[in-house]
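Accompanying notes for the structure given below.
There are 2 protein chains.
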Amino acid sequence: MMITANDQQDVKKEKILEAAHHRFLHFGYSKTTMNEIAGDLSMSKALLYYYFPDKSQLYVAVMRKVADGYLKSLTDRINTFADLKEAFIFQIDTQHEFIVTNYNFFDFFRLNEQNLPDAIWEIVTQVHESETHMLVSAIKTEVDRGKIKPVSNPTEIVELLLDALHGVRVKSVSHKKTMFPNKEHLEEIRSKRLLLADIFIKGLMY
Amino acid sequence: MMITANDQQDVKKEKILEAAHHRFLHFGYSKTTMNEIAGDLSMSKALLYYYFPDKSQLYVAVMRKVADGYLKSLTDRINTFADLKEAFIFQIDTQHEFIVTNYNFFDFFRLNEQNLPDAIWEIVTQVHESETHMLVSAIKTEVDRGKIKPVSNPTEIVELLLDALHGVRVKSVSHKKTMFPNKEHLEEIRSKRLLLADIFIKGLMY
DNA sequence: AAATTGATAGTTTTGTTAAAAAAGTCAGGA
DNA sequence: TCCTGACTTTTTTAACAAAACTATCAATTT
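Those protein sequences? They're chains V and D, same order as listed.
Take 1 as the starting number for the first sequence in my numbering and just add one per residue.
Take 1001 as the starting number for the second sequence in my numbering and just add one per residue.
Written as structure tokens, this is what we have:
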């Protein structure tokens, strides 16, 4: 098997993405420099700019990779749920772990808050749509099974629950007024969310 | 009827509170100066300090007054609801109007975010407890009427819904990425909340 | 004595500028 | 085509002066 120039490029790009991911994950966007990433790979900073146009697009590329992993974990399990509740629990736990394990990586979000680059918004939107799609599918299945009432607009229902679940976190955090939720706190949020999902599902039944 | 010195003081304090409220409401805490408040009343700034120890405590006093009005609107209606849904709708609409009409006034909150003065936290807590109490009472009544299942911990349930309703706003705002929600946007938030409350109540039924 | 004020002290915010650090470019070498 | 050192440009940081504001107080009026 012949190794082409493009393969070589891709391998190097991959190495760069790994190093960048490592830095972004541990120190956040603003606290990692292009020099440091280059240093980790024993290459010159200029070479980074040969492979990626600028810092923010390098970040986006890493984000893309991270998001793809998350998206895969969702699509892998779509339509495999015993019931709606299992689907919601999966969504709650999977998203939760995704956010916790990438907490520092997302400081770019918290930093820019409004006006994120379009490329980032696309990824965020895509992730959101994928989550929604998975849950909408679970709802439809549950309707077909006759377990819950037919829903005129499943997407609306799913997004409503996702917004509500989000509220459980932000309120919980603001009340405890701590930036970094600890283990017990996270467990409290989780159990509240499960309770909310539980009541919500019952509210969809006949 | 004799007018005592204390009555006079209270009248003047009240005038100051009004002027301060006016300024805080229109320009927020950080954008109003003690000089301006004094100027509005044609008095010297030093006199403000004769009646109130400092700016933040003046703000708290105004907050106290504003909160009392809100608390009264809650207690006036407690136990007057035809059903649980009516109580939730009342809570949603009343709180919503409270927040909208006092939006700028609350910039003090957004500004300090974490570490608010204790006096403010007490008021916030009191308001939250009053809202919760009203809804807990409505839930208990509904249980007694046999309309919904007995609830082991009504307070937990109410707080869960309040958190969830909060999420509907913050998510809705962050998605539209606009600081000041407009009329239609607010109406959208309201209808989402009503839908959520509706499903939630059904989820509490037998 | 209680209410009020002008003057002023003390503190926080804002603006300015210089130095440092980081992002980003480029001519040229392997 | 891949890579680098040296260079330019932009952004961040630090230091400090000016301005704005909070807060105090001795003196004055009611």
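Virtual Cβ for every residue (Gly too), placed ideally from N, Cα, C.
Rounded C-beta distance between residue i and residue j? I'm assuming under 8 Å.
{"i": "GLU1129 of chain D", "j": "GLN1091 of chain D", "result": "About 13 Å separates the two Cβ atoms, so there is no contact after all."}
{"i": "SER1030 of chain D", "j": "LEU1084 of chain D", "result": "Rounded, the Cβ-Cβ distance is 41 Å, inconsistent with contact."}
{"i": "VAL127 of chain V", "j": "TYR50 of chain V", "result": "Contact doesn't hold; Cβ gap of about 30 Å is too wide."}
{"i": "ALA197 of chain V", "j": "PHE88 of chain V", "result": "4 Å"}
{"i": "ASN1102 of chain D", "j": "PHE1027 of chain D", "result": "That pair is no contact at about 13 Å."}
{"i": "LYS1015 of chain D", "j": "LEU1041 of chain D", "result": "6 Å"}
{"i": "LEU1195 of chain D", "j": "LEU161 of chain V", "result": "Not a contact, Cβ separation roughly 11 Å."}
{"i": "HIS166 of chain V", "j": "VAL1170 of chain D", "result": "7 Å"}
{"i": "GLY1039 of chain D", "j": "ILE199 of chain V", "result": "Between ILE199 of chain V and GLY1039 of chain D the Cβ distance is about 54 Å, and since that is not below 8 Å, they are no contact."}
{"i": "MET134 of chain V", "j": "LEU74 of chain V", "result": "5 Å"}
{"i": "SER1137 of chain D", "j": "ILE1201 of chain D", "result": "Between ILE1201 of chain D and SER1137 of chain D the Cβ distance is about 15 Å, and since that is not below 8 Å, they are no contact."}
{"i": "ALA1067 of chain D", "j": "ILE1123 of chain D", "result": "5 Å"}
Of all the CB atoms in chain V, is at least one closer than 8 Å to the CB of residue i?
{"i": "SER1172 of chain D", "result": "yes"}
{"i": "LEU1195 of chain D", "result": "yes"}
{"i": "ASP1163 of chain D", "result": "yes"}
{"i": "LYS1192 of chain D", "result": "yes"}
{"i": "ILE1016 of chain D", "result": "no"}
Within 8 Å of any Cβ in chain D, is that where the Cβ of residue i sits?
{"i": "GLU188 of chain V", "result": "no"}
{"i": "ILE199 of chain V", "result": "yes"}
{"i": "HIS166 of chain V", "result": "yes"}
{"i": "GLY203 of chain V", "result": "yes"}
{"i": "LYS12 of chain V", "result": "no"}
{"i": "LYS55 of chain V", "result": "no"}
{"i": "ASP93 of chain V", "result": "no"}
{"i": "ALA67 of chain V", "result": "no"}
{"i": "ASP7 of chain V", "result": "no"}
According to the neighbour-count rule (16 or more other Cβ atoms, all chains shown, within 10 Å of its Cβ), is residue i buried or exposed?
{"i": "ARG207 of chain V", "result": "This structure leaves residue 207 of chain V out entirely; chain V is present only between 1 and 206."}
{"i": "ILE3 of chain V", "result": "No answer about ILE3 of chain V holds up, because its pLDDT of 45 lies below 50 and its placement is not dependable."}
{"i": "GLN95 of chain V", "result": "buried"}
{"i": "MET1001 of chain D", "result": "Because MET1001 of chain D sits at a pLDDT of 44, beneath the cut-off of 50, its placement in the model cannot be relied upon, and the following sentence gives the value as read from the coordinates. With fewer than 16 other Cβ atoms within 10 Å, it is exposed."}
{"i": "THR32 of chain V", "result": "buried"}
{"i": "PHE1024 of chain D", "result": "buried"}
{"i": "PHE1108 of chain D", "result": "buried"}
{"i": "MET1205 of chain D", "result": "exposed"}
{"i": "SER152 of chain V", "result": "exposed"}
{"i": "VAL1158 of chain D", "result": "buried"}
{"i": "SER172 of chain V", "result": "buried"}
{"i": "ALA1046 of chain D", "result": "exposed"}
{"i": "VAL11 of chain V", "result": "exposed"}
{"i": "VAL1100 of chain D", "result": "exposed"}
{"i": "HIS1175 of chain D", "result": "exposed"}
{"i": "GLU1142 of chain D", "result": "buried"}
{"i": "LYS1192 of chain D", "result": "buried"}
{"i": "PRO1154 of chain D", "result": "buried"}
{"i": "ASP163 of chain V", "result": "buried"}
With a threshold of 7 Å (Cβ to nearest heavy atom), would residue i be considered close to the ligand GTP?
{"i": "ASP1007 of chain D", "result": "As for the ligand GTP, it is missing from this structure, which has no ligand bound."}
Residues, ordered as in the chain, of the region 20 to 52 of chain V that lie near chain D by beta-carbon distance below 8 Å: none
Which whole runs of the beta strand (DSSP E) in the region 1036 to 1061 of chain D are 3 residues long or more, in chain order? none
Any residues in the region 73 to 89 of chain V with a beta carbon nearer than 9 Å to a beta carbon of chain D? Which ones, in chain order? Per Cβ criterion, the list is empty.
Can you give, in chain order, each stretch of the alpha helix (DSSP H) that sits fully within the region 146 to 180 of chain V and has at least 4 residues? 154 to 176
Uninterrupted beta strand (DSSP E) stretches inside the region 1080 to 1123 of chain D (no shorter than 3 residues): none
When Cβ atoms are compared, which residues of the region 114 to 144 of chain V fall closer than 7 Å to chain D? GLN114
Closer than 9 Å, Cβ to any Cβ of chain D: which residues of the region 142 to 161 of chain V, in chain order? GLU156, ILE157, GLU159, LEU160, LEU161
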